[in-house]
Each structure stands twice: as C-alpha cells, then as structure tokens.
Amino acid sequence: MRVAIVGGGPAGLYLAILLKGADPSHDIRVFERNRPEDTFGFGVVFSDATIAEVESADAETYRLVTDHFVRWDDIDVHYRGRALRSTGHGFSGMSRQTLLAVLQRRARELGVVLAFDHEVRDPGELSGADLIVGADGANSWVREESGLDFGTEMDVRPNRFVWLGTTKPFPAFTFYFREDRHGLWRIHAYQYEPGRSTFIAEAREATWRAAGLDDASEEDTAAFLARLFEEELDGHELIRNRSIWRRFPTIRTASWSVGNVVLIGDAAHTAHFSVGSGTRMAMLDAIALSDALSARGPAARDLPAALAAYEAARRPQVESLQRAAQASLQWFEDTERYMDLEPLQFAFTLLTRSLRITHEDLRVRDPAFLAEVDRWYAGEAARQVAGGDAQRAARFPGEAAERGAPPAGDSAPAGDNAPAVESGAAGPVPPPMFTPFRLRDVVLANRVVVSPMCQYVADDGTVGDWHLQHLGSRAVGGAGLVMAEMTDVSRDARISPWCAGLYRDEHTDAWRRIVRFIHDNSAAKVGIQLGHAGRKGATKALWDGGEQAPLEDGTWPLVSASPIPYTPRNQVPREMTRADMDEAMGDYVAATERAAAAGFDLLEVHMAHGYLLAAFISPLTNRREDEYGGSLENRMRFPLEVFDAARATWPGEKPMSVRISAIDWKPGGMEPDDAVEVARLLKMHDCDIVDVSAGQTVPDQEPVYGRLFQTPFSDRIRHEVGIHTMAVGNISSFMDVNTILAAGRADLCMLARAHLYDPYWTRHAAYTLGWELDWPDPYKSVQRYTPRLGFRDEAE
8 MRVAIVGGGP AGLYLAILLK GADPSHDIRV FERNRPEDTF GFGVVFSDAT IAEVESADAE
68 TYRLVTDHFV RWDDIDVHYR GRALRSTGHG FSGMSRQTLL AVLQRRAREL GVVLAFDHEV
128 RDPGELSGAD LIVGADGANS WVREESGLDF GTEMDVRPNR FVWLGTTKPF PAFTFYFRED
188 RHGLWRIHAY QYEPGRSTFI AEAREATWRA AGLDDASEED TAAFLARLFE EELDGHELIR
248 NRSIWRRFPT IRTASWSVGN VVLIGDAAHT AHFSVGSGTR MAMLDAIALS DALSARGPAA
308 RDLPAALAAY EAARRPQVES LQRAAQASLQ WFEDTERYMD LEPLQFAFTL LTRSLRITHE
368 DLRVRDPAFL AEVDRWYAGE AARQVAGGDA QRAARFPGEA AERGAPPAGD SAPAGDNAPA
428 VESGAAGPVP PPMFTPFRLR DVVLANRVVV SPMCQYVADD GTVGDWHLQH LGSRAVGGAG
488 LVMAEMTDVS RDARISPWCA GLYRDEHTDA WRRIVRFIHD NSAAKVGIQL GHAGRKGATK
548 ALWDGGEQAP LEDGTWPLVS ASPIPYTPRN QVPREMTRAD MDEAMGDYVA ATERAAAAGF
608 DLLEVHMAHG YLLAAFISPL TNRREDEYGG SLENRMRFPL EVFDAARATW PGEKPMSVRI
668 SAIDWKPGGM EPDDAVEVAR LLKMHDCDIV DVSAGQTVPD QEPVYGRLFQ TPFSDRIRHE
728 VGIHTMAVGN ISSFMDVNTI LAAGRADLCM LARAHLYDPY WTRHAAYTLG WELDWPDPYK
788 SVQRYTPRLG FRDEAE
C-alpha cells in the first residue's frame, strides 16, 4: 500500500513505523513542513498505562523511547503557603526534540521516506497514494484546506497560557497557585530530562491583560514570570521557544475519514494539556489505525472498512478523554472559585478534577494521603452537625431564647445524632459518604440519597404496597435520605393517571404509613418532592408509548407559563392567569400541609425538567409579556411565590430543597450562569439545599451525557452561591460518591438507577469499603455472613 503521511510529528512518525514494521512492502512517505531539528515546546508526558500500550505495539520503539525517560510518581500542590504531595501516580517525561529524533531514526531504519522542509499545499501532490493521513496537528492543512469536510468543531477556551522551559529540575509534577495584584496565576511544571523542565503559566484573560502581557514580547513574558515566581524558580532561568501566549482550542470532528483520507492526533481531536500530552493521544491513534489496517489487509478495496474500524475502536476512548479534559480545563479556568478551600481539600479536588482519578484510586496510589483527607472530612462533618444548633439560633433568635439554646456563634452540643468521629480522634474514620450531614434540625446518618423516581402505579394519587416496598427497602438498604417520587399537588397536576398525589386526605394517610415504616425500621430520613406537570401532563406511563406520549382518552386540561405544547402531538396548555397561579399556589400549600401531617422530614419543590414551575423559569417555555416573563428575575417570580408559600407552611425546624435544571441543553435556553442566579435567589428565600439536575425542558435538547455529567453544575453552584447542593446524574459507584463529596462538589449524592438495580446499594458499598452499618434486628445475622461473590470481590 502506498501511504502519504502529512505531518512529521509523533503521530505521523509513529504510524509510519508501525505500518512499515507490520509490512515492509508498504511504500510510506512522511511530509513535514519543518526541518528535522526544529521543534516547538519542551517536554512530553506519558502515563504508565500509555507507555505499556506502546510496548505492546512495538517493543523496539518502546525501548528506544524509554531509554530517555525521566520518571516520577509524585504530584506536588503548592497552595496558600503549603506544599502537599500525593504519590503513586506513575508518569514519565522526555524531551519532545529527543522523542522526534528517536522516531525519525527508527523510521529511516525501517525504510520510511522522510521529506522535511516540505509543505504540502496541493492535493494533487498526494494523488498517487492509496491512503492519505492527516497528522499535521491542530492547524491541519489536510483537515481545513484540502477541500474535504470532516465536520470540524473548534471550541477556543478563554484562559491564556504560555509554554516555557526552565533549568530547574522539578522532582514531581508540580502545580503552583500564586495571586498578585493582577489576579491568580497557575503553573504546571514537570521535568523532562536532567536539568530541564517544562514550565506552563496559565491565567484568566482579565488577569493576563491587567498584567500588560497582551502586548508583551517573549522576553517580556519570561521576565515577568521570572519575577513573579522568583522564589519557586530558586535562581533558575526560564527558557523560551516560541513562547507566545495562546488560547487552547478543543477540536472535535464528526468524521475522522473521508474517502481514502484519515486524520490522527491533533488533526482529528485535541484534549487540554492539563490531562496529559497530545503526544500520548497521537501515538495511541497510530496504534489503533495500524491495527485496523493490519486486521483488514492492505488491499485498497478494504480501506473504507479499515478506516471505519479504526474510528469505531478509538473514538469512544478519545471522547472519554475529551470529557475528562473538559472537566479538567474548566477546573483551571475556574480555580479562583476554589481558593478559599482548606489545603487538603484543594489538593484533593485538583487531583480528581478530571473525574478519572477517584477516591478509591487514591486509596491504591497513596493511602496515607487519602487517610488524611478522610480524617479531615470526618472532622468537618462532625463540626457541621454540632454547629446546627448555633445555625438555628441565628435563624430563629426568639425561639432560641425561649428554649435556652446558646446564642449564635457559641459552641453547641452535638446532640444524639452527632458523629463519634472528630478530626484527630482515635478510632476508625468513615469514608466521606458515611459521615453525617445536618439540614436545620434534621441529621442524615450518611450522604447517600435515593433520588425521586416516578413509579406510575398509584391509584388516583393514592400510594400503596408497591411504594411501601419501593421506598422501605431502600431505606432499610442503608441510604441516609430516601426521596419519594414527584408527588402532584392536584389531580390536574399529574403527569399520568397513575402518579402519586397529595391532594386528598386519604393520600396523607397512605403516605403516613410509608413514612412511619421507614422511621420505625431504619435510620433513614424521608423526603417528598411536590410538583405540577404543567404542559407535560396527561401522558401515558413511561413504558407505555415512550416518554410524554399523550393519553388517547381520559385527558384533562393543561396549564403552563405560555401556550406551547411539549411536542406537536401533545396538548396545547392554557397560559396561566393570575387566578390560575393563585389556585396552583393554594394546591402547593395544601399539599405541604399534608406532607407535614404525614411526617416527612424534608420537602422539595420541583422546579426542573420542564414541569410547571420550570416552564416559568426557562425562556424556551416562557414567552409571557407580563411581570412573569422576560428577565430571569421576572420568570422566577411565580416559582418563588410558590416556594415562599410552602416555606411559610412547612415546619421551621425541617429543611426544604428545590430541584432545578442547570441547563436546557438548547440554544436560547437556561445556561449554567442562569442556574447560579436561580440558586442565589433560592438562597435569599431561605432554601436549604439545591438538587442540581439538568435538561428535559424541551424534547429536542442536545445533552452532553457521560459519567457524572451533571456534577460540575452542582460544584459551581455550591461554591459560587454558598448553598448546599445535591449532585445527581450518572452517579453509580461508591467511588464516585466519595470523590464528589471529598472534593466539595456536593454535600449529598443522589442515585436513581443504581438503587433500582440494588436496593441495598449503600450497605453493599459499606461492606466493600470495610465500614460497618448497623442492621435491623431481624437481619442481624447478616453481619456474620461473608458473601462468596460480593461487591468486594468484584471491586478487586
């Protein structure tokens, strides 16, 4: 096969080596615009996992490359005058120039033709090739100017960064965070050969401009950073090599191949430098493409199938890394948000920023560091629970005086529900998920929440035996808080005819039975979510016709913020009048009274997922021209009226939460900035905790799914607003829960499908972690039972 590779960086050279090594009869030519000795940048980084794949693909290249490695296991975080070290991470670095020299020599030895100082500008120059490979980087000519359409999307990030080198040999992957009068500066530094390290400076655009670096030369930039980090550099110089300030472009392509042209490396995709080298991704691309071509054979007629196989095998891995890179780059873009964290938590959230390293990963890599984090977190949890009486005294000073409670700010006894573990105390330290948490006078035994899940089996709003076993089994299963499903405040507020309700007195009795069972037979607290379906009402059950399929008969009139149906096949709702709003608000108040009578511990108002109150909040569903439409403040007016009315009715010692959609996943809809303002308004109205969900406002949403995909919204709201949050959305493992909590991304974690699959999820997590939960008396014998195949075995 005749192969023309445009781009002589690591991607193109390594692919040429693999293809030529697999079949010496291939005619492979590499065209590179620069000279062989030219290079830009300083060092490249490989994780242990990546370099192991290189070893499997080509042992000789692996040997030649690793001969030049500088290896380290540690990550050092310098923050607020402290240096925190975590070990066991397994990285290797080397000079980019050395890597290119090794790959060039290896390619020549195998018979690859290398054409340097040769810039391809005419597609006709490559017309004789069976396969054309675009390996020419983020500014790819093959991708952008060859006349082919790969469906390229480019997201240029806001932060400014510059690559420099230094003669200081950093002993670990090192992060510095330094504030000056201009703002916060981030440094990423690592050694790549003896006496040489990469030194990347990053800052927000406003900080960069305030420092006057928008007009700075390379010399000016190096001089400024040398002064700012004089202490950290310890007399060592900064080295320049095309060290200009840039903004990082995240590149995605809809297709990696068109005809006989295929993209690899940065030409096809990029991932932010904070999750590792683009060189790593490029070399793994080369392995995947070489494997696909070898598996399919060299004949031109098999080429389309081979290229499709390459993309099918490699794309999921790349997209997973890009999601991790997105989380990582956003952490560095928003580091200012975390600068008031305690040093241990700051280091932990930095280490876990991409969501790829978890609490359990750190248990394996660095158990001593993790033990310190857990001890700190348990101590903070103990103080949070103990401080609840002081917080209540501040909220209700008259009541505090009446009952003789200590004034706000004084220390208060923890009470019966306080944890035994405090920072520095002897005895076992619980993992974060098994620390207690207090909301007003309600203390949860742990941080695991069973998310509200509609069951669609109620009888005209009356819940029955199914709901008793559904909620009761999960409470006995160990969760700290069990949330009942969205429960409708009126008959016309239902999603379906089979939805749970709290609009008749018999509903109260039915719910009281379930609440009493949970309180009598478990340590769990139980909450209820009140809602009104709005324009998403009068539909079939989820399993009968799909989501929001309209009823064929037995419907009822719908109301919403504006007369916009959910889909063209759904009923057109009536735009609510002031009288309609008053009626709905009265329904919420009556349902709140019934929820209090039933004994629920927490009340949540549903303002998400396109239901009635959410329809007022989103500009996609609120087109009103009165005082309830237009600005976000106006759109929040009616939802806040409802919340205030419920709060005034709900017992003052019990907490209230609100579920919100942090983003509509559609242009023109709610965005994360709006969600922050929504949460801020809720906090002003005495909301205790926000349940941060996303989407489901409109049927043509384009969500970005993935593991923990909604957690960043919770993280932002918690830190920017200063309100407690519950994280939800594809949280499925105890590793995720502990990571989210210890990093401060949420106070509670909600799991839905994981609890449907396993009602005893929390107890099984405790078993796996070696943490013992007390069992109900009828089940005490299980504490002496060791499963032959259990969660711990699977985890190992």
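Heads up: the sequence shown begins at 8 in this note's numbering, then just goes up one per residue.
For every residue, glycine included, the Cβ atom is placed at its ideal position computed from N, Cα and C.
Residue i (DSSP reduced to helix, strand or coil)
| i | result |
| --- | --- |
| A108 | helix |
| Y786 | helix |
| G48 | coil |
| E429 | Annotation note: pLDDT 41 at E429 (below 50); position unreliable, no value reported. |
| A408 | Its pLDDT being 40, under 50, A408 is placed unreliably in this model, and the value from its coordinates should be taken loosely. In this structure, A408 counts as helix in the three-state DSSP scheme. |
| A753 | coil |
| T57 | helix |
| A415 | Low per-residue confidence applies at A415: pLDDT is 35, beneath 50, and the placement is therefore not dependable enough to give any value. |
| A548 | coil |
| S721 | helix |
| M733 | strand |
| S134 | coil |
| A5 | The requested residue 5 is not part of the displayed model; the chain covers only 8 to 803. |
| F38 | strand |
| M8 | coil |
| Q536 | strand |
| P646 | helix |
| V269 | strand |
| P439 | helix |
| A210 | strand |
| E225 | helix |
| H249 | A quick correction: the sequence has Arg, not His, at residue 249. Note: R249 maps to coil in three-state DSSP. |
| P350 | helix |
| F236 | coil |
CB of residue i within 8 Å of CB of residue j, strictly
| i | j | result |
| --- | --- | --- |
| F441 | W778 | yes |
| G19 | V140 | yes |
| D671 | S625 | yes |
| T599 | T365 | no |
| S5 | L117 | Summary: the structure shown does not reach residue 5, with the chain confined to residues 8 through 803, and so no result is reported for it. |
| E60 | L240 | no |
| T515 | A604 | yes |
| T732 | S721 | yes |
| T214 | L191 | yes |
| I521 | G479 | yes |
Beta-ladder partner(s) of residue i, from DSSP
| i | result |
| --- | --- |
| R90 | Note that residue 90 corresponds to Ala in the displayed sequence, not to Arg. A90 is bridged to H85. |
| R445 | V450 |
| V120 | R36 |
| A205 | Per the sequence presented here, residue 205 reads as Thr, with Ala not at that position. DSSP output for T205 lists G172 and Y197 as bridge partner(s). |
| V566 | R581 |
| V665 | V612 and V697 |
| F98 | S54 and W79 |
Endpoints, the alpha helix (DSSP H) within which residue i is located
| i | result |
| --- | --- |
| K690 | P679 to M691 |
| H526 | D512 to N528 |
| H616 | No alpha helix (DSSP H) contains H616, which DSSP labels as neither H nor E. |
| W148 | W148 to E152 |
| S480 | D472 to V483 |
| G593 | R585 to A605 |
| W383 | P374 to A393 |
| W263 | Careful: W263 lies outside any alpha helix (DSSP H) and carries neither H nor E. |
| P17 | P17 to A29 |
| R760 | R760 to Y764 |
N-terminal and C-terminal residue of the beta strand (DSSP E) that residue i is part of
| i | result |
| --- | --- |
| V496 | Per DSSP, V496 belongs to no beta strand (DSSP E) and is neither H nor E. |
| S327 | Segment L310 to E340 is the alpha helix (DSSP H) holding S327; no beta strand (DSSP E) there. |
| V464 | Where V464 is concerned, there is no enclosing beta strand (DSSP E), given that its DSSP letter is neither H nor E. |
| D162 | T159 to V163 |
| H195 | G190 to E200 |
| F578 | Correcting the residue identity first, residue 578 is Gln in this sequence and not Phe. Looking at the DSSP string, Q578 is not in any beta strand (DSSP E), and its letter there is neither H nor E. |
| P256 | P256 to T260 |
| V72 | Taken as a continuous stretch (DSSP letters only), V72 belongs to no beta strand (DSSP E), being part of the alpha helix (DSSP H) at A66 to T73. |
| V455 | V455 to V457 |
Residue i versus the options, residue with shortest Cα-Cα distance
| i | options | result |
| --- | --- | --- |
| H692 | A652, P575, S668 and G617 | A652 |
| H125 | G95, P43 and A465 | P43 |
| G283 | T94, F98, M677 and R259 | F98 |
| P130 | L245, A66, V52 and A11 | A11 |
| L336 | A388, F38, T257 and E367 | T257 |
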